[in-house]
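Below you'll find the structure, written out as structure tokens, and then a few comments.
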Amino acid sequence: MNTSSTHSFASASASVSASAINFVNNDLTPSTVTHSSQDDLGDINQSAELQCLLQEHIDTTTFGNTTEYCLTQFDTILCWPRTPRATVALLPCLDEFQGIQYDSTRKLYMNKHANVTGRFSLKL
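Taken in order, the sequence shown gives residues 79 to 202; the numbers are from our numbering.
As structure tokens, then:
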């Protein structure tokens, strides 16, 4: 079964409006913020968190929530793939994060525990 797939949100030119409150100088006058850039939608679509959440959904609907595997999980920085229990997931370290350069020759290790709470521990 081929579970790998690419997801993209094709959309026509979009305009998203949202009400916002201007807190500068205690001005509570509602204002309208308009985002009409296709780039804004592209940035959202390409976010690591969104892609990971989509993969988590695909994994859950395809394989169910079995205790034989830890599901795909986003830890606010990296997307950890669906992993058989009692195994160690390895991902490369980031080259750069929030302007700080890192040694990308090292690996991040995550011991994933397949249990109801979804606990995990991270080792560098």
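The C-beta atom is built at its ideal place from N, Cα and C for all residues, glycine as well. None of the values given here were measured: they were computed from a predicted structure.
Nearest in C-alpha terms to Arg160, of all of Thr183, Phe141 and Cys171, is Phe141.
With contacts defined by Cβ atoms closer than 7 angstroms, Leu149 and Leu169 do not form a contacting pair.
Closest in alpha carbon position to Asp153, among Thr138, Arg184, Thr165 and Glu134, is Glu134. For Leu168, the uninterrupted beta strand (DSSP E) segment begins and ends at Val166 to Pro170. The DSSP-derived three-state label of Glu146 is coil. For Leu131, the enclosing alpha helix (DSSP H) begins and ends at Ala126 to Phe141. Taking C-beta separations shorter than 8 angstroms and ignoring five residues to either side along the sequence, the partners of Thr138 in its chain run Leu149, following chain order.
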